[in-house]
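Visitor:
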Amino acid sequence: MAVSTKVELDLIRSSVRALCERFPETYWKETDEKHAYPEEFIKALTEEGWLSVLIPEEYGGAGLGMVEAGAILEEINRSGGNAGAGHAQMYTMGAVLRHGNEEQKQRFLPKIASGELRLQAFGITEPTAGSDTTSITTTAELRGDRYIVNGQKIWTSRAEYSDLMLLLARTTSKDKVAKKTDGLSLFILDMKDQKDNITIRPIDTMINHATTEVFLENVEIPVENLIGEEGKGFRYVLSGMNAERVLIASESIGDGMYFIDKSVNYANERIVFNRPIGQNQGVQFPISKAYMDIEAAKLMRDKAAEMFDAGENCGAEANMAKYLASEATWKAANAAMDTYGGYGFATEYNIERKFREARLFIVAPITNNLVVSFVGQHVLGLPRSF
Ligand SMILES: Cc1cc2nc3c(=O)[nH]c(=O)nc-3n(C[C@H](O)[C@H](O)[C@H](O)COP(=O)(O)OP(=O)(O)OC[C@H]3O[C@@H](n4cnc5c(N)ncnc54)[C@H](O)[C@@H]3O)c2cc1C
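Residues in the sequence shown are numbered from 1 upward in steps of one, following UniProt numbering.
#1: Any idea what DSSP makes of Asn268, helix, strand or coil?
#2: Can you give the Cα-Cα distance for Val283 and Ile260, rounded to whole angstroms?
#3: Since Ile203 contacts Thr212 with CB under 8 Å, what's their CB separation in whole angstroms?
#4: Between the Cα of Glu317 and those of Val375, Tyr343 and Ala2, spot the shortest distance and give me the residue it belongs to.
#5: Beta-carbon within less than 7 Å of Met307's beta-carbon, same chain only, minus the 5 sequence neighbours each way: which residues are those?
#6: Alpha carbon to alpha carbon, how far is Gly130 from Ile72?
#7: Taking 8 Å as the limit between beta carbons, can you name the residues of its chain near Trp28, skipping five residues before and five after?
#8: Please go through the same chain and pick out, in chain order, the residues whose beta-carbon is closer than 7 Å to the beta-carbon of Ile248, but skip the five residues on each side of it.
#9: Based on the DSSP output, what are the partners of Phe122 in its beta bridges?
#10: For the alpha helix (DSSP H) containing Ile287, name the first residue and the last one.
#11: CB of Asp132 to nearest heavy atom of ligand 1: below 8 Å?
#12: Comparing the CB of Thr125 with every heavy atom of ligand 1, is any distance shorter than 8 Å?
#13: Can you tell me whether Lys331 is buried or exposed, with buried defined as 16 or more other CB within 10 angstroms of its CB?
#14: By Cβ distance below 6 Å, which residues in the same chain neighbour Ser162 in space, the five residues on each side in sequence not counted?
#15: Quick check on Asp175: does DSSP put it in helix, strand or coil?
#16: Flag this pair as touching only if the segment 38-58 and the segment 184-202 have three or more C-beta atom pairs under 8 Å; answer yes or no.
#17: Go ahead and label Leu299 buried or exposed: buried means 16 or more other beta carbons lie within 10 angstroms of its beta carbon, across all protein chains shown.
#18: Let me check you understand the geometry: is the CB of Pro202 closer than 8 Å to at least one non-hydrogen atom of ligand 1?
#19: Only counting the same chain, and skipping five residues up and downstream in sequence, which positions put a Cβ closer than 6 Å to that of Asp175?
#20: Out of curiosity, what's the CA-to-CA distance linking Leu370 and Arg275?
#21: The beta strand (DSSP E) with Val16 in it runs from where to where?
#22: I'd like the list of long-range same chain contacts for Gly254, defined as Cβ closer than 6 Å, with 5 residues on each side in sequence excluded.
#23: What is the rounded straight-line gap between the Cα of Asp293 and the Cα of Ser173?
#24: May I ask whether a heavy atom of ligand 1 can be found less than 8 Å away from the beta carbon of Ser385?
#25: Reducing DSSP to helix, strand and coil, say where Gly228 ends up.
#26: Going by DSSP in three states, Phe187 sits in which element: helix, strand or coil?
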């Protein structure tokens, strides 16, 4: 994997910023209002190769790492955009890359790199399992040369705009395994091929996230689409989750810097009582404090990204980066709402849209409570609480 110099990283950032300028806030406001998928934006990102940077060059990608991928997503969100529409196309393929066999890599990665295939649906969460992933009840039963899948997923984002889904299902029931993390398997599900057995229902949400409920009824997955070994899916998912958390932290940092940029501009320009509102410490301090928190979160994100790229276990750092970034950004979001006063509520200024979008990262892809609990138990050695 190539490691970018500072100059190269700056070039990546400025190139992404240039692309984002073609998609101004009016574009994002409109897609948000219509709950539309930002197809043109995703097409432009794909054509310029930004969504395939994590795919090695031999499979058609740029062969870059988490540091660069994080910078790309951060810039998208800092511009006022919403990278969530396409971020999963970047990292979901990591399961194939790290745990798939050579035939699977050859079959999927070049097409994902070119955008011919979209693998941006990730089916883990279920209505009755929630944060307790090992309690999922979707089953995959081997019959001959295929697995037959039955069950239900929820919050499966982008399912309507993806060809493939990375699916976690139980191949051995929980009461028959030594450890509850055993018996889960990971598959590439061809949703187009199985469309007659899949029902996708969009969920109306407070943000435009193209998220859905997915019902799977006698869905067939050929054995050659099982990733790695049967029953070991949970550990494959964990390595992917670290990548996801570093990238979500990056998007969150982008949101945070969006709020800081906007707040600083507005606080310098808005005159009340014959002076810029930013001259009041009551307005200035929350912006400065949020900025410091975001800068600190960036350091943790950078550490996690560098560890990931070096092949080190970055579970603690990736989780902490996601926590610190989302909390810092939530402070920035509130500082922006306060700075804008009544205008923060007017859709025209986009602050309320970004406010809604930024809130997500406290909850997904893992809630901050669960991160805190992970740190307590796995980093500090405190007793297991659940
Ligand atoms: C817009 C959106 C997009 C999403 N996209 C995807 C996707 O593409 N694929 C996918 O698989 N999932 C996706 N998710 C699901 C997301 O990962 C889950 O919502 C999240 O993991 C939390 O699960 P839950 O909603 O079931 O909450 P629950 O597990 O029901 O938790 C509810 C609350 O209780 C708290 N809680 C529960 N147990 C404990 C405990 N032991 N200690 C302390 N607090 C606890 C949680 O922190 C949370 O605050 C998405 C969610 C949203 C909102």
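Every residue, glycine too, gets a C-beta built ideally from N, C-alpha and C.
Guide: Looking at the atomic coordinates:
#1: Annotated three-state conformation of Asn268 is helix, per DSSP.
#2: Cα atoms of Val283 and Ile260: separation of roughly 12 Å, rounded to the nearest angstrom.
#3: Their Cβ separation, rounded to whole angstroms, is 6 Å, which keeps Ile203 and Thr212 in contact under 8 Å.
#4: Here the closest residue by C-alpha is Val375.
#5: Taking Met307 as the centre and dropping the five residues before and after it, the same chain places the C-beta of Cys314 and Glu317 closer than 7 Å to its C-beta, in chain order.
#6: Distance between the alpha carbons of Gly130 and Ile72: 30 Å.
#7: Non-local beta-carbon contacts of Trp28 in its own chain, meaning distances under 8 Å to residues more than five positions away in sequence, involve Pro38, Gly80, Gly81, Asn82, Asn350 and Arg353 in chain order.
#8: For Ile248, where only same-chain residues beyond five positions count, the Cβ hits under 7 Å are Lys322, Phe361 and Pro365.
#9: BP columns for Phe122 point to Leu166.
#10: Its alpha helix (DSSP H) spans residues Gln281 to Asp309.
#11: Checking the Cβ of Asp132 against ligand 1 gives yes.
#12: Yes, the beta carbon of Thr125 sits closer than 8 Å to at least one heavy atom of ligand 1.
#13: Burial call: buried.
#14: The beta carbon of Ser162 sits closer than 6 Å to the beta carbons of Arg118, Gln120 and Ala121 from its chain, once the five residues preceding and following it are set aside; these are given in chain order.
#15: Looking at Asp175 - three-state DSSP - the assignment turns out to be helix.
#16: For the pair of segments examined, the segment 38-58 was found not to touch the segment 184-202: the number of CB pairs separated by less than 8 Å stays below three.
#17: Exposed, since its Cβ has fewer than 16 Cβ neighbours within 10 Å.
#18: Outside the cutoff, so no.
#19: A distance below 6 Å between beta-carbons, with the five flanking residues on each side excluded, links Asp175 to no residue of its chain.
#20: One C-alpha to the other measures close to 45 Å.
#21: Not the beta strand (DSSP E): Val16 falls in the alpha helix (DSSP H), residues Lys6 to Glu21.
#22: Answer for Gly254: Glu74, Asn77 and Arg78, listed in chain order.
#23: Answer to the nearest angstrom: the Cα atoms are 44 Å apart.
#24: Result yes, Cβ under 8 Å from ligand 1.
#25: Here Gly228 sits in coil by DSSP.
#26: Strand.
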